[in-house]
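Just below is one structure, and these are the notes that go with it.
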Ligand SMILES: [Cu+2]
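Structure representation (structure tokens):
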């Protein structure tokens, strides 16, 4: 009788121990999912939503040449031309149309340097309005940012 009780206790402990030491599922790490900002615009100057907008400079043009963005949007220009480009606020050569003083010539909206092939310049638009700009190195190349 005592052996049976010991046997039952032994089985009980074996079950308890095996239950405690059973391999656990590896904890899955929380995945951080970056919010995807959808762009609702196209290259014809339609409204672009979100906090970022991209403009490429290629074949001597700003593409798109005109965009509409929300206040506070960061606009980034990328030079895809082999010649240097220099986005800056109208009006050449004062660059003072954008109403924030500072920068290197007449306003803060100024790359203040030549962008070589592949280089980028970003600017946050914190003023509502229609802001024309140009390539300071070839002032006939123009674009427009409309900030609502
Ligand atoms: Cu200029």
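Residue numbers (this note's numbering): 8 to 155.
Note that the Cβ used here is the ideal one computed from N, Cα and C, for glycine as well.
Quick caveat, the model's predicted, so the values are computed rather than measured.
Three-state secondary structure assigned by DSSP to residue i
| i | result |
| --- | --- |
| residue 95 | strand |
| residue 117 | strand |
| residue 90 | coil |
| residue 152 | strand |
| residue 124 | coil |
| residue 35 | With a pLDDT of only 47 at residue 35, under 50, the local geometry of the prediction cannot be trusted, and no value is derived from it. |
| residue 147 | strand |
Cβ-heavy atom distance, residue i to ligand 1, below 7 Å
| i | result |
| --- | --- |
| residue 91 | no |
| residue 94 | no |
| residue 100 | yes |
| residue 118 | no |
| residue 146 | yes |
Start-to-end residues for the beta strand (DSSP E) that takes in residue i
| i | result |
| --- | --- |
| residue 107 | No beta strand (DSSP E) contains residue 107, which DSSP labels as neither H nor E. |
| residue 129 | 127-131 |
| residue 141 | 136-142 |
| residue 77 | It is not in any beta strand (DSSP E) - residue 77 carries neither H nor E in the DSSP assignment. |
| residue 66 | Here residue 66 belongs to no beta strand (DSSP E), and DSSP marks it neither H nor E. |
Residue burial classification, residue i (beta-carbon count within 10 angstroms, cutoff 16)
| i | result |
| --- | --- |
| residue 76 | buried |
| residue 133 | exposed |
| residue 116 | buried |
| residue 45 | Any reading at residue 45 needs caution, since the residue's pLDDT is 42, under 50, leaving its predicted position unreliable; the model's value is listed next. Classification for residue 45: exposed. |
| residue 140 | buried |
| residue 66 | exposed |
| residue 49 | Note that residue 49 has pLDDT 44, beneath the 50 cutoff, so the model's placement of it is unreliable and the number below is only indicative. Under this definition residue 49 is an exposed residue. |
| residue 137 | exposed |
| residue 58 | exposed |
| residue 125 | exposed |
| residue 106 | exposed |
| residue 122 | buried |
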